[in-house]
Amino acid sequence: MASESDELARFIDKVRREGERLYRDLPWRRTRDPYAVWVSEAMLQQTQVSRVDGRWQRWLARFPSVEALAAADQADVLAEWQGLGYNRRALALKRAAEAVADQGGEVPSSVDALVKLPGIGPATAAGIRAFAFDLPAVYLETNVRTVFLHELFPEAEDVPDSAVRPLVEACVPDRDVRGWYYALLDYGAWLKRTVPNPSRRSRTHARQSRFEGSRRQKRAALVRLLLEAREAGLPGLSLDDAVAALGAQETGAGRPEPAPADVEGLLDELAAEGFCQRTGLFWAC
DNA sequence: TTCCGGCAAT
DNA sequence: ATTGCAGGAA
Numbered sequence: 559m560a561s562e563s564d565e566l567a568r569f570i571d572k573v574r575r576e577g578e579r580l581y582r583d584l585p586w587r588r589t590r591d592p593y594a595v596w597v598s599e600a601m602l603q604q605t606q607v608s609r610v611d612g613r614w615q616r617w618l619a620r621f622p623s624v625e626a627l628a629a630a631d632q633a634d635v636l637a638e639w640q641g642l643g644y645n646r647r648a649l650a651l652k653r654a655a656e657a658v659a660d661q662g663g664e665v666p667s668s669v670d671a672l673v674k675l676p677g678i679g680p681a682t683a684a685g686i687r688a689f690a691f692d693l694p695a696v697y698l699e700t701n702v703r704t705v706f707l708h709e710l711f712p713e714a715e716d717v718p719d720s721a722v723r724p725l726v727e728a729c730v731p732d733r734d735v736r737g738w739y740y741a742l743l744d745y746g747a748w749l750k751r752t753v754p755n756p757s758r759r760s761r762t763h764a765r766q767s768r769f770e771g772s773r774r775q776k777r778a779a780l781v782r783l784l785l786e787a788r789e790a791g792l793p794g795l796s797l798d799d800a801v802a803a804l805g806a807q808e809t810g811a812g813r814p815e816p817a818p819a820d821v822e823g824l825l826d827e828l829a830a831e832g833f834c835q836r837t838g839l840f841w842a843c
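Under this note's numbering, the letters of the first sequence match residues 559 to 843, in that order.
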């Protein structure tokens, strides 16, 4: 009689086989340097492998260690991040590096210590544990979720992570945690190109609001303007220049130009988040 | 729950 | 024009 553990054992065998068949020799799999692995995890949050490849190498060449990143100018860090998206991740990574450097420079390996660092949540903490330290971890992210839903919840809809997580936990191997999760990631990534995205049946799955014309797009444009002003040797970005640039962007796209007060509000929010500092009618990073 | 970037594939 | 991405924080 087929027990639940038999089903799980067959599942594990299949994932191992598929993982071997579909193995991706990604650059960040060729290092065990915790900092380098951490940077890869941070970059890969909501960002495709194809875009991180190249940028990860360039980042490590420029900021080769926790100490180097901690000592770097934040604006340089932000500039190096451009194109990866979600600028907050760069700020969090920089701040976390400063915290780790203050604590002696060793990247922690416990989930508790990792999650205390800005920008590191349960998934990233588990990724660092598994890939850098080869330690047991419950790594539940989109590719892993895809595999479990496809294999173990083939018909279910609106599946909560609370139903998936115990299974992920039950599958954590005694040895080669790293290889197990590589297999899950590679099989999951392949599944999404092969069958209708199983992750869509997760309760976690959410559609994102439209980017074009969004507030998000304006924020990103302002960050670029701040970096350009700095690059040009200016004391900062003036409200007038920001209003003009954003106005041109919006008008060119057939949208109404934002009011100066709105642009000022966006800049002040960026300042409050630590992207820049305000002095009078100038914002500098 | 909502917000946060940017891009390639479709 | 839509989709989804090795998620985290407020």
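Idealized CB from N, CA, C, for every residue including glycine.
Euclidean distance between Cα positions of residue i and residue j
i: residue 569; j: residue 699; result: 18 Å
i: residue 838; j: residue 809; result: 27 Å
i: residue 706; j: residue 712; result: 9 Å
i: residue 803; j: residue 790; result: 16 Å
i: residue 797; j: residue 840; result: 6 Å
i: residue 562; j: residue 785; result: 56 Å
i: residue 762; j: residue 716; result: 8 Å
i: residue 814; j: residue 719; result: 41 Å
i: residue 725; j: residue 766; result: 28 Å
i: residue 747; j: residue 597; result: 20 Å
i: residue 843; j: residue 656; result: 18 Å
i: residue 571; j: residue 584; result: 23 Å
i: residue 607; j: residue 615; result: 13 Å
i: residue 733; j: residue 773; result: 46 Å
i: residue 793; j: residue 833; result: 15 Å
i: residue 818; j: residue 779; result: 15 Å
i: residue 631; j: residue 661; result: 20 Å
i: residue 816; j: residue 668; result: 46 Å
i: residue 670; j: residue 567; result: 30 Å
i: residue 640; j: residue 822; result: 22 Å
Same chain, Cβ closer than 7 Å to residue i, neighbours up to 5 away in sequence not counted
i: residue 604; result: 644
i: residue 623; result: 593
i: residue 663; result: 624 and 625
i: residue 744; result: 577, 580, 581 and 582
i: residue 676; result: 650, 653 and 654
i: residue 666; result: 672
i: residue 775; result: 769
i: residue 620; result: 638
i: residue 723; result: 696 and 698
Limits of the unbroken alpha helix (DSSP H) element including residue i
i: residue 837; result: Unbroken run through residue 837 is the beta strand (DSSP E), 835-837; no alpha helix (DSSP H).
i: residue 728; result: 719-729
i: residue 806; result: 797-810
i: residue 716; result: Looking at the DSSP string, residue 716 is not in any alpha helix (DSSP H), and its letter there is neither H nor E.
i: residue 598; result: 592-602
i: residue 665; result: No alpha helix (DSSP H) contains residue 665, which DSSP labels as neither H nor E.
i: residue 680; result: 680-691
i: residue 581; result: Neither: residue 581 is in no alpha helix (DSSP H) and is coded neither H nor E.
i: residue 625; result: 624-629
i: residue 765; result: It is not in any alpha helix (DSSP H) - residue 765 carries neither H nor E in the DSSP assignment.
i: residue 696; result: First-last for residue 696: undefined, no H or E at that position.
i: residue 608; result: 607-610
i: residue 589; result: Neither: residue 589 is in no alpha helix (DSSP H) and is coded neither H nor E.
i: residue 644; result: It is not in any alpha helix (DSSP H) - residue 644 carries neither H nor E in the DSSP assignment.
i: residue 733; result: Careful: residue 733 lies outside any alpha helix (DSSP H) and carries neither H nor E.
Opening and closing residue of the beta strand (DSSP E) in which residue i lies
i: residue 840; result: 840-842
Check whether residue i and residue j have beta carbons under 8 Å apart
i: residue 753; j: residue 692; result: no
i: residue 777; j: residue 824; result: yes
i: residue 638; j: residue 617; result: yes
i: residue 530; j: residue 740; result: Limits of the chain in this structure are 559 at one end and 843 at the other, which puts residue 530 out of reach.
i: residue 629; j: residue 788; result: no
i: residue 654; j: residue 678; result: yes
i: residue 826; j: residue 836; result: yes
i: residue 680; j: residue 730; result: no
i: residue 672; j: residue 659; result: no
i: residue 704; j: residue 750; result: yes
i: residue 828; j: residue 800; result: no
i: residue 714; j: residue 759; result: yes
i: residue 781; j: residue 627; result: no
i: residue 573; j: residue 795; result: no
Nonlocal neighbours in the same chain, by C-beta distance under 8 Å from residue i, ignoring five residues either side
i: residue 642; result: 601, 605, 609, 610, 613 and 648
i: residue 595; result: 586, 589, 685, 686, 689 and 690
i: residue 565; result: 710
i: residue 831; result: 646 and 649
i: residue 591; result: 690
Same chain only: Cβ atoms within 6 Å of residue i, ignoring 5 sequence neighbours per side
i: residue 738; result: 731
i: residue 708; result: 749 and 756
8 Å contact criterion, which residue i and residue j should meet: CB distance rounded
i: residue 727; j: residue 702; result: Contact flag wrong, Cβ pair sits at about 12 Å.
i: residue 806; j: residue 771; result: Not confirmed; about 14 Å, so no contact.
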